[in-house]
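Reviewing the structure listed below.
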Amino acid sequence: AQKITQTQPGMFVQEKEAVTLDCTYDTSDPSYGLFWYKQPSSGEMIFLIYQGSYDQQNATEGRYSLNFQKARKSANLVISASQLGDSAMYFCAMRERATQGGSEKLVFGKGTKLTVNP
Amino acid sequence: DAGVTQSPTHLIKTRGQHVTLRCSPISGHKSVSWYQQVLGQGPQFIFQYYEKEERGRGNFPDRFSARQFPNYSSELNVNALLLGDSALYLCASSATAFQPQHFGDGTRLSIL
């Protein structure tokens, strides 16, 4: 079963406008973490923002904010005042325990390609 | 401070060969994880190492192996390469096994 679902293969936004990228997740673990990463065409994965399952407030990092709705199991990324440099793939990921060794791993969605138009 | 560094950046191999990919974590980070990202998909977890011990393994065949050295750098080895191994291989490091992971630029592996 898919644990991270990103339903928007592609999104378009005008420069300086806000955009919301959707992410829903599935877990039975009461303790989990949710991440958003940005991947430009160069391939590097850039960490944007983190939300813990017990955090009382939505996470914010500069122009990025995470709209965390625990009951709906959604963790949408909001980018305010979009810039041309925001054009990239965006991945939502959930931290879960690896099946062996007691460590934790990231489980990623399929990503959303964001294009910012001038 | 230097981020996670991976080498080589690009690699072309033929079926049946083996390959070694290298990763140097951020200074002070003791945990290294490896991910495989095929075209059009999100990264898939392969291994995690912490303090030179394997702490997690994803659903990959035994052709994939890894190790971590005393300086916390890591190698990913893939034997008997298949066409389906063509992917971007990402290394991520974190201060401990449970801290946010920071990724390198990846190694693009192409199998002919």
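Those protein sequence lines, which keep their order, are chains A and B.
Under this note's numbering, the first residue of the first sequence is numbered 4, with each subsequent residue one higher.
Under this note's numbering, the first residue of the second sequence is numbered 153, with each subsequent residue one higher.
Every residue gets a Cβ at the ideal spot worked out from N, C-alpha and C, and that includes glycine.
In this text the structure is predicted, and so the values were computed from the model without any measurement.
Between A62 of chain A and I49 of chain A, the gap from beta carbon to beta carbon reaches 8 Å or more.
With fewer than 16 other Cβ atoms from the protein chains shown falling within 10 Å of its own Cβ, D32 of chain A counts as exposed.
Three or more Cβ pairs closer than 8 Å define a contact, and the segment 191-200 of chain B falls short of that threshold against the segment 156-169 of chain B. When DSSP states are grouped into helix, strand and coil, G236 of chain B belongs to the helix group. Boundaries of the beta strand (DSSP E) around N229 of chain B: 226-230. Here the alpha carbons of L87 of chain A and Q251 of chain B stand approximately 30 Å from one another. For D257 of chain B, the chain A residues whose C-beta falls within less than 8 Å of its own C-beta are S45, G46, E47, listed in chain order. Rounded to the nearest whole angstrom, the C-alpha separation of Q220 of chain B and S183 of chain B is 9 Å.
When DSSP reads this structure, V171 of chain B sits in a beta bridge with B:V230.
In this chain, Y35 of chain A is not harboured by any beta strand (DSSP E), its DSSP state being neither H nor E. With at least 16 other beta carbons inside 10 angstroms of its own, K41 of chain A counts as buried. Of all C-beta pairs linking the segment 65-85 of chain A to the segment 155-165 of chain B, fewer than three are shorter than 8 Å, placing the two stretches out of contact. Secondary structure of G65 of chain A (DSSP, three-state): coil. DSSP places L191 of chain B in no beta strand (DSSP E); its state is neither H nor E. At a beta-carbon threshold of 8 Å, none of the residues of chain B lie near S56 of chain A; the nearest stands roughly 14 Å away.
Comparing alpha carbon positions, the residue from B:S176, B:Y224, B:Q253 closest to E205 of chain B is B:Y224. Chain-order list of chain B residues neighbouring K108 of chain A: S185, F197, Q200, G208, G210, by C-beta distance under 8 Å. Contact with chain B is absent for F71 of chain A, since none of that chain's Cβ atoms lies less than 8 Å from the residue's Cβ. A Cβ of chain A is located within less than 8 Å of the beta carbon of P252 of chain B. Residue burial is scored here from C-beta neighbours: L240 of chain B has at least 16 other C-beta atoms within 10 angstroms and is therefore classed as buried. Considering only beta carbons, the part of the segment 168-194 of chain B lying closer than 9 Å to chain A consists of S183, S185, Y187, Q189, G192, Q193, G194, in chain order.
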